[in-house]
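Just below is one structure, and these are the notes that go with it.
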Amino acid sequence: MSDHYVKVKVQLEEIQFPGEETEKDVEVVAGLELSVSSSSSSSAAAATSVAQDGKSRNDSGRKPISKTRSKSRGKPSDPGRRSRSKSAKDDTQGVASVNLQEKMENTACTAERLQNPSSNEAALEIKGSGKVLQGKAEQSKGQHGKEDGSKVQRKKRSVTVDSSKAKTSLEALKTSIKQLKWKEFPAGRRLPCDIYWHGVSFHDNENIFSGQVNKFPGMMEMVRKINLSRAVRTMHELFPEEYNFYPRSWILPEEFQLFAAEVRMAKENDSSWKPTFIVKPDGGSQGDGIYLIKDPNDFRMLGSAHNKPAVIQEYIIKPLLIDKLKFDIRLYVLVKSLEPLEIYIAKEGLSRFCTEPYQEPSQKNLHHVFMHLTNYSLNVHSGNFIHSDSMNTGSKRTFSSILYRLSSKGIDIKKVWSDIISLVIKTVIALAPELKVYYQADIPTGKPGPTCFQILGFDILLMKNLKPVLLEVNANPSMRIEHEQEVAPGVFEYVPSAVDEEVKVGVIRDTLRLVDPAPRKATNNQLRLAGIASEMQEDISDAGSSDKSEQDSGVKENNLPSLCLKQVFPKYAKQFNYLRVIDRIAELFVRFLGVKGTMRLGPTGFRTFIRNCKLCNSNLSMASVDILYIDITRRWNGMGAEQRESGMCLQAFVEAFFYLAQRRFKSLPLHEQVTALADLCGAAKRRAALATCQPEGIHSVPTAPAPPHHFNCPAAASKSADYRFHRPVLPTIKGNCIENSAVN
Ligand code: ADP
């Protein structure tokens, strides 16, 4: 092991968030446990895995499948927020499906190729990236498995997985199920399964009343560009310093005038400012419909584009380049549970490269998509795209190979990694409140229903100054482990992609291990016996959070590698819980919804909220409460086609809550005003519960841990008291998120 690699490993293991002290914690923050594979490229890691697991891989070995390429690309068809549409923003859509059964029977083995790595480059090997030992295969053939050569184990019931809706993730899912020796039901099953794997959304199958589904209701809607921008913006309003990882964005069409006015003013103040903006259609994916502009007038000239929902965003003009190329990072994040919030990050990800050397945007190069957009789906069609079996060359590489490159240049990669972890946790915290509203509407408490988990794809850009910037979150990240190859003009084959397989199979397999229902049931029983309070639930999961996951998931007993997914929440709850203010507002919102299955608060519910929390006084009459309700609800419902339902949505309620908080606690910064009001409402709820000796309302989503009442966020800037309750929280050029041109 070279000194340099040892240094990289040590650096990563030392990553520490401010306030972290224990050795154990430090080990986990590092998350990315890199070790060295002495030679043969990082495919050595995969090769080892395959060599050890040759049998099962041979079973599922794949050979190229010929097909004619479909040019169509998927687009969400229905913008309705509560839509149960089967179409989705699946960045794997539009590719013709493949007969996987046939593939499995007839194909040559990827393993062979991986076992004979040709490259001699040194590379980083990610622990937990796929080494699977063979012992268990014999057990499944009827022989009793032996652990440590001694104890005879009781044969466990196989976990059952319904893969009938898996779509493009099917191949990686099959491989994962095989490695785990679980039972797959490719055509579904009459009896309930333990796990249902959906390719698009929670609603792919409406008849699930137990088990677990790999999608949350509402996730697809929440990560659409407009909703993500709104969710991050609300958090930015409360915590500007903490939420400065998202480019300044304006929502079209309603904020176009504001966008134009702000750009004009900023240019008047600083004539040297030459910004570029990127316009992204709301439901778009794979770079579809995206273009760059230099001036708001360029957008005006596009005429009809004006009225389509989209986000216009400041373009990051100085990205970090490798080999003169722009690239982005795709990280896989598992939201294992919303309540309590549990987040895992995959230690390995992908880096997708542009195929034309980068230049800062100018009128001349503005249309060069291969220079500015890192989407694989676009660049794969460039003549310069390089398919490589090596993990650290070519147009798609592993994330760890990028870190290695950076580290070899003396860059502090542990800082980069911990900044990325923070970005991920903060983003999920921004999305969680509304997801809980969806959740209670689709799976009401007390009714039989599945629980949910979901793998998200985070697209992150590193700026030249190494600051990570969130580009977008994908609810359906591509889990395809093959890529297309043109064998004759117009005829394409799917061939195994070593880089994709290395990363994606690990993510799916380890997600399954983490949601393995057997240990989960044990935990739930313990909780029931223990007395059921949600605070206690949090305590238990916190206490066991130190890789409890690995113990629970039967890692050891199956001789599987250590997990490639690392828990980051609640592991770092202490550092981030103070940000979960909107969660508390959402909890109130759900409490007063009244009707099961709804996501909109009626005027009576709003009045009840005001009355129960005793918010009316000489300064705020019930009549003005009614006006507040009508005014805010009308405005939110008038925004965009998707807000046509009647009643007050969560975002409108949050705005009303901010307004009430500002009236009541005038001199405090906004986040303190809002927290103070949430405390007040919480106290009213406790008083009411005590008075009636009733358990909490049937609708209350289990309580999120209340953020500490003191603020350990020294950097949170204070918010001026002139909050504009007649307008949604809007970005300003001054209150920017990312110091785009200044820093670089
Ligand atoms: P899509 O869902 O269509 O892929 P993205 O938001 O991911 O949309 O944008 C597509 C690509 O455009 C990204 O992969 C990235 O390369 C580039 N991009 C997006 N937003 C920005 C930005 N604000 N600054 C610089 N590049 C960006």
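Using the UniProt record's numbering, you'd call the opening residue of the sequence shown number 1 and step up by one each time. Glycine included, each C-beta is placed from N, C-alpha and C at the ideal position.
Can you find the residues in the same chain that come closer than 7 Å, C-beta to C-beta, to residue i, ignoring five residues on each side of it along the sequence?
| i | result |
| --- | --- |
| Leu466 | Leu320, Ile411 and Val416 |
| Pro186 | Ser163 and Ser164 |
| Lys504 | Ala172, Met479 and Ile481 |
| Gly605 | Phe592, Leu593 and Gly594 |
| Gly188 | Asp162 and Ser164 |
| Leu325 | Phe353, Cys354, Pro357 and Tyr358 |
| Arg664 | Leu677 |
| Val394 | What sits at residue 394 in the sequence shown is Gly, not Val. Excluding positions up to five away in sequence, the list reads Ile386, His387 and Ser388. |
| Lys521 | Low per-residue confidence applies at Lys521: pLDDT is 48, beneath 50, and the placement is therefore not dependable, though the value from the model is reported in the following sentence. Nothing listed; no residue qualifies. |
| Gln193 | Note that residue 193 is Cys in the sequence shown, not Gln. These residues qualify, in order along the chain: Thr160, Val161, Asp162, Phe185 and Gly211. |
| Ile278 | Ile290, Leu292, Gln313 and Tyr315 |
So what does residue i bridge to, in DSSP terms?
| i | result |
| --- | --- |
| Asp516 | Note: Asp516 sits in no beta bridge, so no partner. |
| Ala346 | Leu565 |
| Pro281 | Ala310 |
| Asn617 | Leu620 |
| Val335 | Ile343 and Gln454 |
| Val161 | Glu184 and Ile195 |
| Leu601 | Met648 |
| Arg352 | Asp328 and Lys396 |
| Asp459 | Arg330 and Glu472 |
| Pro319 | Met463 |
| Ile293 | Phe277 |
From the beta carbon of residue i, is the nearest beta carbon of chain C less than 8 Å away?
| i | result |
| --- | --- |
| Phe209 | The structure shown has no chain C; it contains just one protein chain. |
Output needed for residue i: all residues of its chain with C-beta closer than 6 Å, excluding positions within five of it in sequence on either side, in chain order.
| i | result |
| --- | --- |
| Ala231 | Ala430 and Leu431 |
| Leu456 | Val333 and Val473 |
| Cys452 | Val213 and Phe216 |
| Asp442 | Pro217 |
| Pro603 | Tyr629 |
| Thr92 | Note that Thr92 scores 41 on pLDDT, short of 50, meaning its location in the model is unreliable; the coordinates nonetheless yield the value given after this. Once the five neighbours on either side are set aside, the close Cβ partners of Thr92 are Thr168, Ser478 and Arg480. |
| His483 | Ser497 |
| Ile329 | Gly349, Ser351, Phe399 and Ile460 |
| Glu501 | Ile481 |
Are residue i and residue j touching if we call contact CB-CB under 8 Å?
| i | j | result |
| --- | --- | --- |
| Ser158 | Ile508 | no |
| Ile420 | Pro477 | no |
| Glu339 | Lys436 | yes |
| Leu628 | Ala346 | no |
| Thr374 | Phe327 | yes |
| Val311 | Ser229 | yes |
| Leu670 | Phe653 | no |
| Gln363 | Lys294 | yes |
| Leu512 | Leu180 | yes |
| Ser201 | Met222 | no |
| Leu341 | Pro570 | yes |
| Arg600 | Met648 | yes |
| Pro361 | Leu252 | no |
| Val369 | Gly287 | yes |
| Lys280 | Gln313 | yes |
| Tyr344 | Val568 | yes |
| Pro250 | Leu258 | The residue asked about is misnamed: residue 250 is Trp in this sequence, not Pro. Yes, Cβ-Cβ distance for Trp250 and Leu258 is below 8 Å. |
| Ala684 | Cys616 | no |
| Gly199 | Ala166 | yes |
| Cys681 | Leu560 | no |
| Phe209 | Gly449 | yes |
| Arg634 | Met622 | no |
| Leu660 | Ala586 | no |
Q | Complete alpha helix (DSSP H) runs within the region 462-523 (minimum length 4 residues, chain order) | A | Listed in chain order, they are 498-515.
Q) If you scan the region 185-263 from start to end, which runs of the alpha helix (DSSP H) of 4 or more residues do you find wholly inside it? A) Runs found: 219-222 and 225-238.
Q: Just list the alpha helix (DSSP H) runs in the region 383-426, keeping only unbroken ones of 4 residues or longer that don't cross its boundaries, in chain order.
A: Whole alpha helix (DSSP H) segments, 4+ residues: 399-408.
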